[in-house]
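K.L.:
Take a look at this one; I'll ask things after.
2 protein chains.
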Amino acid sequence: MGIEKVLEYQGRDFLPNLSIDLVIIGYQEGALKCLLLNIADKWVLPGGHIKIEESVDTAVQRILKERTALEKPHFKFLSVFGDSNRNFLAEFKAFFEERGLPWQKDHWLAQRFVTLAYYSLVDIEQLSPKPGEFDEAVDWFSFDELPDMGLDHESIILKARNRLKEDIQREQLTYNLLQEEFTMPQLHRLHETILGEKLDRSRFQKKMLATNQFERLPKLKKETPGSNPYLYRRKN
Amino acid sequence: MGIEKVLEYQGRDFLPNLSIDLVIIGYQEGALKCLLLNIADKWVLPGGHIKIEESVDTAVQRILKERTALEKPHFKFLSVFGDSNRNFLAEFKAFFEERGLPWQKDHWLAQRFVTLAYYSLVDIEQLSPKPGEFDEAVDWFSFDELPDMGLDHESIILKARNRLKEDIQREQLTYNLLQEEFTMPQLHRLHETILGEKLDRSRFQKKMLATNQFERLPKLKKETPGSNPYLYRRKN
DNA sequence: ACAAAAGTGTTGAGGTTACACCCATGG
DNA sequence: CCATGGGTGTAACCTCAACACTTTTGT
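First to last, the sequence lines map onto chains H and R. Numbers 1 to 236, taken from UniProt numbering, label the letters of the first sequence in order. Numbers 1 to 236, taken from UniProt numbering, label the letters of the second sequence in order.
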């Protein structure tokens with residue numbers, strides 16, 4: 001969708017006052033990262049709207065696919081953000097004016113939005129994120145070094161970060177952040193990163209294997225000194 | 001709001017396509033119960049819409065207060081129900097026609113709604129639920145004997161039932177279902193009811209007291225044989 | 001041979017289970 | 001004094017934290 005279309009487009013095909021924001025989380029170089037878009041000097045979460053004839057879950061899948069090009073990306077509901085002053089007016093006004101485009105304060109994008117926030121765990125290596133129609137740039141940011149963020153998106157991203165920490169303790173979600181085949185040391189370091197604390201290596205391994213969710217594959221051939229770790233894969 | 005107003009009213013003050021549904025849960029005579037409204041031969045959850053100038057949480061509080069007359073009722077987010085075919089068309093058409101009122105298929109109420117479902121735990125004794133504008137009757141139903149329900153409200157209510165079971169195991173939510181002062185046997189039976197299984201009486205009591213969240217009050221004077229139980233109250 | 005990495009074993013502390021026991025109260 | 005209900009104690013069992021030990025591999 002080109003910029004001309006955006007201008008004339010008044011959201012006719014979408015549910016008004018309702019948006020979707022996505023916290024797309026990846027894991028790279030031992031750090032948790034988040035995909036952000038640059039718009040008018042601020043960074044914001046990727047997102048979109050729900051088509052009239054489309055279920056919310058389908059919309060999330062569609063928007064996710066636009067960003068990740070993955071066929072079946074993981075996603076999980078995070079929270080509703082429904083403050084009465086949630087609108088992008090300032091951001092979009094700046095964006096339009098920067099480009100010398102006409103801005104009306106009753107533009108469709110200036111309305112108040114209730115947003116449904118989801119988080120998605122992806123394997124960065126498999127990804128090819130594409131810049132959207134509105135964003136000048138797309139980049140991954142470590143959760144420890146977030147840029148200046150627009151609207152309330154910083155609180156959304158931090159909520160996702162905390163939710164992940166909680167969810168990982170009762171659900172197996174980490175598969176989505178790793179390749180299909182992975183080693184226990186890799187999984188161990190990932191859990192330590194998410195939880196932000198040291199985990200006993202011995203206990204972690206035994207706990208994971210006790211779940212009986214893993215299929216042990218031949219050992220991985222490494223170049224570094226030390227024993228070669230087994231590869232594992234999810235059963236089924 | 002009288003029925004005439006409903007007719008001319010086209011939802012101008014509310015966010016369109018977005019509704020709130022409430023699973024109001026109480027505990028009475030040893031059973032978990034849910035508040036339902038009768039509309040056109042079906043029973044539905046109480047609910048409402050979000051005002052343009054109002055946050056989602058404020059809307060939930062307002063709608064809850066309309067139903068319960070409680071000043072600060074408990075509530076917790078349950079889930080988004082966003083199927084593309086979620087509309088009340090059939091129900092409202094029947095409701096209007098029963099009364100000989102004109103019905104147009106493009107009525108505001110016939111649109112597709114994304115609903116935000118919340119559940120609320122209340123002490124039935126403190127309540128005075130008022131019939132809403134649309135409902136012919138209001139009643140409490142045990143979760144084991146739900147009536148014929150409209151739309152997807154049965155799946156919402158069952159989801160709330162299961163969520164409660166999960167949540168009770170990590171959070172103290174049960175206070176809201178009991179009077180301010182309660183005994184351990186009462187709390188014990190409540191947990192057994194919610195979880196649907198027997199819990200060891202001794203262990204339950206010790207676990208609860210170990211949390212150190214309770215203030216022990218003088219014993220309750222009963223009429224029945226056996227030792228009198230202590231009363232407890234939440235600390236703070 | 002040595003250091004580093006990975007896998008497994010051991011021990012004790014602390015929690016949980018399933019009861020048993022005791023006390024209070026009304027009939 | 002007995003049945004009932006409520007509070008507490010206890011021994012067996014299980015789980016888990018902490019650390020030790022062993023094996024594998026590159027230099």
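Glycine residues also receive a C-beta, built at the ideal position from the N, C-alpha and C atoms.
Return the Cβ separation of T211/H and H191/H in integer angstroms, given the expectation that the two are a contact with Cβ distance under 8 Å.
P.N.:
Position 211 of the first sequence, counting from 1, holds the residue named residue 211/H. Position 191 of the first sequence, counting from 1, holds the residue named residue 191/H. Contact doesn't hold; Cβ gap of about 13 Å is too wide.
K.L.:
Measuring only the C-alpha atoms, how far is R62/H from R99/R?
P.N.:
Counted from its first residue, the first sequence places residue 62/H at position 62. Counted from its first residue, the second sequence places residue 99/R at position 99. Rounded to whole angstroms, R62/H to R99/R spans 43 Å at the Cα level.
K.L.:
Are any of the Cβ atoms in chain R nearer than 8 Å to that of P16/H?
P.N.:
In the first sequence, residue 16/H corresponds to position 16, counting from 1. Yes, P16/H lies at the interface with chain R (some Cβ there is under 8 Å from its Cβ).
K.L.:
Do L45/R and L64/R have their C-beta atoms within less than 8 Å of each other?
P.N.:
Along the second sequence, one-based indexing puts residue 45/R at 45. Along the second sequence, one-based indexing puts residue 64/R at 64. No.
K.L.:
Using a C-beta to C-beta distance shorter than 7 Å, which residues of chain R count as neighbours of L83/H?
P.N.:
Within the first sequence, the letter at position 83 stands for residue 83/H. It should be noted that the sequence gives Asp, not Leu, for residue 83/H. By Cβ distance, chain R contributes S55.
K.L.:
Ordered along the chain, which non-local residues of its own chain (more than five positions away) have a Cβ less than 8 Å from that of D13/H?
P.N.:
Sequence index remark: in the first sequence, residue 13/H carries index 13 (1-based). So the list reads K51, I52, once near-sequence residues are dropped.
K.L.:
Candidates N85/R, R201/R, G48/R: which alpha carbon is nearest L116/R's?
P.N.:
Residue numbering aside, residue 116/R sits at position 116 when the second sequence is read from its first letter. Of the listed residues, the one whose Cα sits closest to L116/R is G48/R.
K.L.:
Does DSSP put E215/R in a helix, a strand or coil?
P.N.:
Stepping through the second sequence from its first residue, residue 215/R is reached at position 215. Note: E215/R maps to strand in three-state DSSP.
K.L.:
Let me check one thing: in DSSP terms, what residues is residue 288/R bridge-paired to?
P.N.:
Here chain R has residues from 1 to 236 only, and residue 288/R is not among them.
K.L.:
Distance cutoff 8 Å, beta carbons only. Does F77/H sit that close to anything in chain R?
P.N.:
The residue given as residue 77/H occupies position 77 in the first sequence. True, the Cβ-Cβ gap to chain R drops below 8 Å.
K.L.:
Just the Cα atoms here: how many angstroms apart are G35/R and A160/R?
P.N.:
Stepping through the second sequence from its first residue, residue 35/R is reached at position 35. Stepping through the second sequence from its first residue, residue 160/R is reached at position 160. The residue you asked about is not Gly; residue 35/R is Leu in the sequence shown. Between L35/R and A160/R, the C-alpha separation is close to 13 Å.
K.L.:
Just the chain R side, please: which residues come within less than 8 Å of L45/H by C-beta, in chain order?
P.N.:
Looking up residue 45/H in the first sequence gives position 45. The premise fails here: L45/H is roughly 17 Å from chain R at the closest Cβ pair, so nothing lies under 8 Å.
K.L.:
With 16 other CB atoms within 10 Å as the buried threshold, where does N17/R fall?
P.N.:
In the second sequence, the residue the question calls residue 17/R occupies position 17. Under this definition N17/R is a buried residue.
K.L.:
Using 8 Å as the cut-off, can you tell me whether the stretch 79-89 of chain H makes contact with the stretch 102-118 of chain H, which would need three or more C-beta pairs spanning the two stretches below that distance?
P.N.:
Yes, the stretch 79-89 of chain H touches the stretch 102-118 of chain H.
K.L.:
For L151/H, decide whether its Cβ has a neighbour in chain R, counting only Cβ atoms nearer than 8 Å.
P.N.:
Residue 151/H sits at position 151 when you count from the first residue of the first sequence. No, L151/H does not count as interfacial toward chain R.
K.L.:
Relative to the alpha-carbon of D57/R, which residue among A31/R, D139/R, I20/R, W43/R has its alpha-carbon at the smallest distance?
P.N.:
To locate residue 57/R, count along the second sequence from 1; it is residue 57. The residue with the shortest Cα to Cα distance from D57/R is I20/R.
K.L.:
What is the residue span of the beta strand (DSSP E) that I52/H lies within?
P.N.:
Taking the first residue of the first sequence as position 1, residue 52/H is located at position 52. Here I52/H belongs to no beta strand (DSSP E), and DSSP marks it neither H nor E.
K.L.:
Give a yes or no on whether 8 Å exceeds the smallest Cβ distance from V138/R to chain H.
P.N.:
By one-based count along the second sequence, residue 138/R stands at place 138. Cβ-Cβ to chain H under 8 Å: no for V138/R.
K.L.:
For chain H, check one thing: does any of its Cβ atoms lie closer than 8 Å to the Cβ of S227/R?
P.N.:
Here residue 227/R corresponds to residue number 227 of the second sequence, with the count starting at 1. So, not an interface residue.
K.L.:
Return the CA-CA distance between K235/H and F214/H, expressed in angstroms with no decimal places.
P.N.:
Translated into the one-based positions of the first sequence, residue 235/H becomes position 235. Translated into the one-based positions of the first sequence, residue 214/H becomes position 214. If I take the Cα positions, the gap works out to 5 Å.
K.L.:
Beta-carbon of V80/H versus every beta-carbon of chain R: anything under 8 Å?
P.N.:
For the purposes of this step, residue 80/H is identified with residue 80 of the first sequence, where counting begins at 1. Closer than 8 Å to some Cβ of chain R, the Cβ of V80/H qualifies, so yes.
K.L.:
Exposed or buried, T68/R, counting other C-beta atoms within 10 Å across all chains shown (16 or more means buried)?
P.N.:
Within the second sequence, residue 68/R is the residue found at index 68, counting from 1. T68/R should be labelled buried.
K.L.:
Going along the chain, which unbroken runs of the alpha helix (DSSP H) with 4 or more residues stay wholly within the stretch 44-114 of chain R?
P.N.:
Taking only runs of at least 4 residues, the alpha helix (DSSP H) segments lying wholly in the stretch 44-114 of chain R are 56-68, 89-98.
K.L.:
Short of 8 Å Cβ to Cβ, which residues in the stretch 109-123 of chain R face chain H?
P.N.:
So the list reads R112, V114, L116, given in the order they occur along the chain.
K.L.:
Keeping to the same chain, check which residues put their C-beta closer than 8 Å to that of T193/H; ignore five residues upstream and five downstream.
P.N.:
On the first sequence, residue 193/H is found 193 positions in, with the first residue counted as 1. For T193/H, where only same-chain residues beyond five positions count, the Cβ hits under 8 Å are Y27, G30, A31, L32.
K.L.:
In the structure shown, what three-state DSSP assignment does Y232/R receive?
P.N.:
Sequence index remark: in the second sequence, residue 232/R carries index 232 (1-based). The answer is strand: DSSP assigns Y232/R an E or B state.
K.L.:
Looking only at C-alpha atoms, which of L209/H, T224/H, E145/H sits nearest to R233/H?
P.N.:
Here residue 233/H is taken as the residue at index 233 of the first sequence, counted from 1. Nearest C-alpha to R233/H: L209/H.
K.L.:
Which partner residues of N38/R appear in the DSSP bridge assignment?
P.N.:
Start at 1 with the first residue of the second sequence, and residue 38/R comes out as number 38. Its beta-bridge partners are W43/R, A137/R.
K.L.:
Quick one: residues in its chain with C-beta nearer than 7 Å to the C-beta of K76/R, no 5 flanking neighbours on either side, listed in chain order?
P.N.:
Here residue 76/R is taken as the residue at index 76 of the second sequence, counted from 1. Cβ neighbours of K76/R beyond the five flanking positions: Y118, Y119.
K.L.:
Note down the Cα distance separating E145/H from E154/H, rounded to an integer number of angstroms.
P.N.:
By one-based count along the first sequence, residue 145/H stands at place 145. By one-based count along the first sequence, residue 154/H stands at place 154. Spanning the two alpha carbons is a distance of roughly 12 Å.
K.L.:
Which partner residues of T183/R appear in the DSSP bridge assignment?
P.N.:
As a first step, residue 183/R is located in the second sequence; it is residue number 183 there, counting from the start. Note: T183/R sits in a beta bridge opposite L231/R.
K.L.:
Does the Cβ of E71/H have 16 or more other Cβ atoms within 10 Å, making it buried, or fewer, making it exposed?
P.N.:
Within the first sequence, the letter at position 71 stands for residue 71/H. By the neighbour-count rule (16 or more Cβ atoms within 10 Å), E71/H is not buried but exposed.
K.L.:
In this structure, how does DSSP classify K165/H when only helix, strand and coil are distinguished?
P.N.:
Mapped onto the first sequence, residue 165/H falls at position 165. Helix.
K.L.:
Output yes or no for whether 8 Å exceeds the beta carbon distance between L220/H and P229/H.
P.N.:
On the first sequence, residue 220/H is found 220 positions in, with the first residue counted as 1. On the first sequence, residue 229/H is found 229 positions in, with the first residue counted as 1. For L220/H and P229/H, yes; Cβs fall inside 8 Å.
K.L.:
Are there 16 or more other CB atoms within 10 angstroms of the CB of S227/R, so buried, or fewer, so exposed?
P.N.:
Position 227 of the second sequence holds residue 227/R. Exposed: under 16 other Cβ atoms inside 10 Å.
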